[in-house]
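When the count follows our numbering, it moves up by one through the sequence shown with no breaks and lands on 264 for the last residue.
Read through the structure below, which is laid out as structure tokens, and then see the notes.
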Amino acid sequence: MIVVKFGGTSVGDPEAIGRAAEIVRGRMPGRPLVVVSAMAGVTNALLDLAEQAARGHLVGAVRGVEGLRERHLAAVGALVPDEALATEVSAELSATFDELARLAEALSILGYLTPRSRDAIAAQGELLSSQLVVAAFRARGIPAEFVDARQVMVTDDRFGRAEPQPEAIAERARERFLPILREGRIPVTGGFVGATAEGVTTTLGRGGSDYSASLFGAALQADA
């Protein structure tokens, strides 16, 4: 079993995601677990719109949400020719963007951004990209399955720089990843993102996606 990690540039546009799919196809005999970052620039855009909303610039924040929605849905259109699958994935991603718009509105009313709410927004980039990558893989005949990283990456509650809990991660990784791998499918999850034992969303900070991949690999005793 191996861990294959793709950074933001490697999933930054439809062409890059298509290349990632072919890389994974070539690694399938090694039983890969795929960890992806947010699409290039998305995390910064999410943090920017959160800051705008907290300053009361709701129009600008919502414009940021819609720009990200358009980018991700355009990628679905380019990567998923099957109309039924494309419609399903687009609906799932749009639901996330609807929630982001509601969060922006709430922040504009509150007038300030807490570390916890910042993490809730910043985490969405990896969750969006991993769902997009799963759809792209499936469209190419690769048996991928989305796993929400928050179900595996257990951390403390130091929002923005959460500390992973290795023992809990190892237990969750065996529960969530191993059955998928044993069935010959490919789990795809986001890096950078975690959750407390109570289920509150956290992030590991910059470089967190590489850290996530390493922790998952260690938990599963990956070959590489």
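Glycine residues also receive a C-beta, built at the ideal position from the N, C-alpha and C atoms.
Being a predicted model, the structure only gives us computed values, none of them experimental.
(1) Using 8 angstroms as the Cβ pair cut-off and three pairs as the minimum, do the segment 194-213 and the segment 100-115 touch?
(2) If I measure Cβ to Cβ from residue 70 and keep anything under 8 angstroms in the same chain, skipping five residues before and after, which residues do I get?
(3) Under the three-state reduction of DSSP, which class applies to residue 185: helix, strand or coil?
(4) Quick one: residues in its chain with C-beta nearer than 6 angstroms to the C-beta of residue 251, no 5 flanking neighbours on either side, listed in chain order?
(5) Looking only at C-alpha atoms, which of 84, 174 and 72 sits nearest to residue 132?
(6) With residue 243 as the anchor, note down where its beta strand (DSSP E) starts and where it stops.
(7) Residue 229 by DSSP, collapsed to three states: which one?
(8) Could you give the distance in angstroms between the alpha-carbon of residue 238 and the alpha-carbon of residue 231?
(9) Only counting runs of 4 or more residues, tell me where the alpha helix (DSSP H) segments fall wholly within the segment 60-147, in order along the chain.
(10) With 16 as the cutoff for other CB atoms within 10 Å, does residue 96 come out buried or exposed?
(11) Would you kindly check if the distance between the Cβ of residue 202 and the Cβ of residue 224 is under 8 angstroms?
(12) DSSP state of residue 234, grouped into three classes?
(13) Would you call the segment 113-132 and the segment 140-159 touching, i.e. three or more CB-CB distances under 8 angstroms?
(14) Reducing DSSP to helix, strand and coil, say where residue 195 ends up.
(15) Go through its chain and collect everything with a Cβ distance to residue 209's Cβ below 7 angstroms, but skip five positions before and after it.
(16) Determine, using beta carbons only, whether residue 260 comes closer than 8 angstroms to chain C.
(17) Quick one: what does DSSP say residue 217 is sitting in, helix, strand or coil?
In terms of the structure at hand:
(1) no
(2) 41, 42, 263 and 264
(3) strand
(4) 244
(5) 174
(6) 241-243
(7) strand
(8) 19 angstroms
(9) 82-94 and 98-119
(10) exposed
(11) no
(12) strand
(13) no
(14) strand
(15) 192, 193, 194, 255 and 259
(16) This model lacks chain C altogether; it includes just one protein chain.
(17) coil
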